[in-house]
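In this note's numbering, the protein residues as written are 25 to 123. Here's the structure, in structure tokens; my notes come after.
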């Protein structure tokens, strides 16, 4: 059952994959499932990239574009990002535009 919390759940992507290197599609797929599970019990999540050291286009496509595909129009309302510098923001935007 989904709760109606005004505070989003924060998911540290480096801790969620046990690696500061976010590189593979498999990592992105596993994290996407964790995020979708979290969204079953809360309204919003914040994906925290602050502890990540590397981010690949494959990971970004699998996680971010995959979430957008699953959530549709609700993606931008339910998923926020934190700790991403300008370069990673561009990479994530590119993944979202090319899916």
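Backbone N, C-alpha and C define an ideal beta-carbon position, used for all residues, glycine too.
For residue 70, the enclosing beta strand (DSSP E) begins and ends at 69–72. Unbroken beta strand (DSSP E) runs of no fewer than 3 residues, entirely contained in the segment 30–87, are found at 33–36, 69–72, following chain order.
Following the DSSP letters along the chain, one finds residue 106 in no alpha helix (DSSP H) but inside the beta strand (DSSP E) bounded by residues 103–106. In this structure, residue 87 lies away from residue 115, with their beta-carbon atoms at least 8 Å apart. Put simply, of 109, 94, 108 the residue whose alpha carbon is nearest the alpha carbon of residue 102 is 94.
Taking C-beta atoms under 8 Å as the contact rule, residue 47 and residue 70 fail to qualify, at a distance of about 22 Å. For residue 90, the three-state secondary structure derived from DSSP is helix.
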